[in-house]
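A.B. asks: First the structure, then my questions, so here it is.
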């Protein structure tokens, strides 16, 4: 992943858990960096999420701190105090306003973040040499089985701008209009309000269209930082030259990151794309897609490589969205298996069986009602998910 | 289970699957039997569900037919034709109106019910000797691991009336205002409209408060038949003598049946009761309870006997119902583990660990907002669920 001028990453060992790895990540931004973000809709969100929301209103960033191994969620005043200490320590170090500091934490819920470990970890990060983005992707992970990053570039105002995105997440994944812990860095100059508009739009067809297990985290956060050091005239609206190219590159990075989370879904062995068409609206199509993607019976059928499309019918019918049994069509891969409310007579099972043996599964559902459409992504439900989550100790 | 005067059960072998068992159940009612029912909210419901809804409007029943091994759902006109043949054959045999015949089918979705097997099975049932209710509970089962029935009695108008209930269901269980395949028989005399009122009320705190896997079946149906042969004056409203006693007995049978389904949830090793209090309304409490009950992370934590109450916090927050992180309290068994938004300092883990080793788990959640309350029931999520559903062939 390329360097981003104006964004300098560091990692350190705070020791939030009994492990031998860096678990505190710190990214320092040059003055003038703008920021946008989207956060979880979970009503029991962490103090970190509250802080990010408040600081996003100012639109400027000088630093990002990410703690791994403890989410600090549901820890009351002690949790809020810990975040305040971190923000104060970094703002003093950088001689900047506290509203320019952003903090996330991820890990077990309900255990206050140890303030002394956070303070010592930050001091170590301040004194460390800069690291790579790859180091940061490892530093923010928890149950992730691989580090996740994505890049894109765009020509804006005659300058090539770079975008780097990193993300963590594997379980408790159902962002629903919010996201995972994900961070996007660009050297493009982008007005904070416009960056927010672009990120919110990209989020809608990326992070908000994935699910691993239907469980929405209390800490989900995606932040995008634009250092402005590529030298382009600052983007302020879609009318600016290069805005469309930048928006496409940003959406590309968001989609790549979202897919990486699904591919690393707890216990996942298959990546499933669900394309819903013919719905009453795009929002309705997305909700039908997520009902299919969240169905344990659909996910176990795919794990078993079983073309049990009746379970897809069931999931469509339970979604609570407009649907008509007698106009519904379903395909696995490119093979239509049900059309207008009943099985396609004597459809060829061979290509369906071959498709289901692949790692990448495609399910198409046409509701036959309107022009609404959406694509959502999920993984299968396997013994691996049970092993990971019935053993994971709090 | 006691005999119900006026209701005579029979079983026969239709051979809907390659198995050596009775799979067609037939219950004949004497003239004058009233009927009420509740059915699935799944929009892709079966032709049988459509038929029951239409016939329930007439309020009278002479026969019930239940086919096991094939749900006949999503089979278009051929599925509807199969049901019409069954209804016609039974109505001709009994010389009654077709609207007095009720049919359910359960099993794989998307395969038309073989009409010839249904016809031959019915003829066998017509010629068979009456069987026991226990025979019927086996006859209607599919993936059930045990037969499920419940009984209650009540004094109405100086007469002892009997209620017998039978049910099948183990997976694809999230009735949400509807039910499983369940049948209730009573010799009480109850007006059809009042019976419907009583059944709908009982359903609301029984079948609608259970979930195994959040997946709502296309065939869910519960029907209640009242033969009237106990000799009581027909119940027509709550003002009638004995109506309260009968309502309590009916609710008792419904709750027993609902609990049996959860206890036989696919792969279940533990029975979990979730009590939600302090909600904005009773409906809101029920939805919060179901969000907890449907959370894969909560269900796997219980399977692992892990007091990971942070996952309960997460599930409350994602429910989309009024909730406030800082007034939330959680208990496992009788031990309060979190109060007003943070962990109870130094709570005694010993009784919590002991409680989680039991087969019957109780989780209490107080939202601290209002007086709304509800109790829902579910089971844990284990390797058994994955084994059953990743191998179950369509």
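Residue numbers (the working numbering), protein chains in the order written: chain E, 1 to 394; chain L, 1001 to 1394. Built from N, CA and C at the ideal position, the CB exists for glycine as well. These figures come from a predicted structure and were not determined experimentally.
For residue 1137 of chain L, which residues from the same chain have a beta carbon less than 7 Å from its beta carbon, with the 5 sequence-adjacent residues on both sides left out?
C.D. replies: 1147, 1148, 1149 and 1166
A.B. asks: Short of 9 Å Cβ to Cβ, which residues in the region 332 to 366 of chain E face chain L?
C.D. replies: 337, 338, 340, 341, 342 and 343
A.B. asks: Express the C-alpha separation of residue 1173 of chain L and residue 1003 of chain L in angstroms, rounding to a whole number.
C.D. replies: 29 Å
A.B. asks: Can you name the residues of chain E whose CB is closer than 8 Å to the CB of residue 1325 of chain L?
C.D. replies: In chain order: 43, 44, 45 and 74.
A.B. asks: Which residues in the same chain have their Cβ closer than 7 Å to the Cβ of residue 29 of chain E, if we skip the five residues on either side of it in sequence?
C.D. replies: 6, 7, 61, 62, 63, 225 and 227
A.B. asks: Give, in chain order, every unbroken run of the beta strand (DSSP E) that is at least 3 residues long and sits entirely within the region 221 to 291 of chain E.
C.D. replies: 221 to 226 and 271 to 279
A.B. asks: With 8 Å as the threshold, decide whether the Cβ of residue 1250 of chain L is near any Cβ in chain E.
C.D. replies: no
A.B. asks: Roughly how many angstroms lie between the CA atoms of residue 1025 of chain L and residue 1164 of chain L, to the nearest whole one?
C.D. replies: 16 Å
A.B. asks: Tell me the DSSP bridge mates of residue 1185 of chain L?
C.D. replies: In the DSSP output, where bridge partners are listed per residue, residue 1185 of chain L has L:1164 and L:1225.
A.B. asks: Report yes or no: do three or more beta-carbon pairs, one from the region 1244 to 1261 of chain L and one from the region 1304 to 1317 of chain L, lie closer than 8 Å?
C.D. replies: no
A.B. asks: Give a yes or no on whether the minimum CB-CB distance between residue 965 of chain L and chain E is below 8 Å.
C.D. replies: Residue 965 of chain L is absent from the structure shown; chain L starts at 1001 and stops at 1394.
A.B. asks: Is any beta-carbon of chain L found at less than 8 Å from that of residue 292 of chain E?
C.D. replies: no
A.B. asks: Beta-carbon within less than 6 Å of residue 183 of chain E's beta-carbon, same chain only, minus the 5 sequence neighbours each way: which residues are those?
C.D. replies: The beta carbon of residue 183 of chain E sits closer than 6 Å to those of 166 and 223, all from its chain and outside the five residues before and after it, given in chain order.
A.B. asks: Tell me the DSSP secondary structure of residue 1191 of chain L in three-state form.
C.D. replies: coil
A.B. asks: Compare the C-beta of residue 377 of chain E with all C-beta atoms of chain L and state if any pair is closer than 8 Å.
C.D. replies: By the rule that beta-carbons nearer than 8 Å mark a contact, residue 377 of chain E does not touch chain L.
A.B. asks: Looking only at its chain, what residues have a beta carbon closer than 6 Å to the beta carbon of residue 360 of chain E, apart from the 5 residues adjacent to it on each side?
C.D. replies: 271
A.B. asks: Could you check which residue in L:1369, L:1367 and L:1300 has the C-alpha nearest to that of residue 1382 of chain L?
C.D. replies: L:1300
A.B. asks: CB-CB under 8 Å to residue 1352 of chain L, same chain, minus the five flanking residues each way: which ones, in chain order?
C.D. replies: 1307, 1332, 1333, 1335 and 1337
A.B. asks: In angstroms with no decimal places, state the Cα-to-Cα distance between residue 1293 of chain L and residue 1214 of chain L.
C.D. replies: 9 Å
A.B. asks: Does any residue of chain E have a CB that is nearer than 8 Å to the CB of residue 1133 of chain L?
C.D. replies: no
A.B. asks: With 8 Å set as the bound, which would you pick, yes or no: does the beta-carbon of residue 313 of chain E sit closer than that to a beta-carbon of chain L?
C.D. replies: Judged by the 8 Å Cβ criterion, residue 313 of chain E is in contact with chain L.
A.B. asks: To the nearest angstrom, report how far apart residue 1355 of chain L and residue 44 of chain E are at their CA atoms.
C.D. replies: 26 Å
A.B. asks: Taking Cβ to Cβ, would you say residue 23 of chain E is nearer than 8 Å to residue 139 of chain E?
C.D. replies: Yes, these two residues count as a Cβ contact at 8 Å.
A.B. asks: Could you check whether residue 128 of chain E and residue 16 of chain E sit closer than 8 Å to each other, using their CB atoms as the reference points?
C.D. replies: The Cβ atoms of residue 16 of chain E and residue 128 of chain E lie no closer than 8 Å to each other.
A.B. asks: Apart from the five residues just before and just after residue 1376 of chain L, which ones in its own chain have a Cβ nearer than 6 Å to its Cβ?
C.D. replies: 1209, 1274, 1289, 1290 and 1293
A.B. asks: Under a CB-based cut-off of 8 Å, is residue 389 of chain E close to chain L?
C.D. replies: yes
A.B. asks: What residues match up with residue 70 of chain E in a beta bridge as DSSP calls it?
C.D. replies: BP columns for residue 70 of chain E point to E:108.
A.B. asks: Using only the alpha-carbon positions, how far apart do residue 36 of chain E and residue 370 of chain E sit?
C.D. replies: 34 Å
A.B. asks: Would residue 1391 of chain L and residue 304 of chain E be called neighbours here (beta carbons separated by less than 8 Å)?
C.D. replies: Yes, the pair counts as a contact, with Cβ atoms nearer than the cut-off.
A.B. asks: Would you please verify whether the beta carbon of residue 1080 of chain L is less than 8 Å from any beta carbon of chain E?
C.D. replies: Taking a beta-carbon distance threshold of 8 Å, residue 1080 of chain L does not count as an interface residue toward chain E.
A.B. asks: Could you tell me if residue 88 of chain E is buried or exposed, where buried requires 16 or more neighbouring beta carbons within 10 angstroms of its beta carbon?
C.D. replies: exposed
A.B. asks: Short of 7 Å Cβ to Cβ, which residues in the region 229 to 260 of chain E face chain L?
C.D. replies: none
A.B. asks: With 8 Å set as the bound, which would you pick, yes or no: does the beta-carbon of residue 34 of chain E sit closer than that to a beta-carbon of chain L?
C.D. replies: no
A.B. asks: Where in the region 336 to 380 of chain E do unbroken runs of the alpha helix (DSSP H), each at least 4 residues long, occur, reported from the N-terminal end onward?
C.D. replies: 349 to 356
A.B. asks: Is there a Cβ of chain E sitting closer than 8 Å to that of residue 1019 of chain L, yes or no?
C.D. replies: no
A.B. asks: Is it true that the CB of residue 203 of chain E sits closer than 8 Å to the CB of residue 38 of chain E?
C.D. replies: yes
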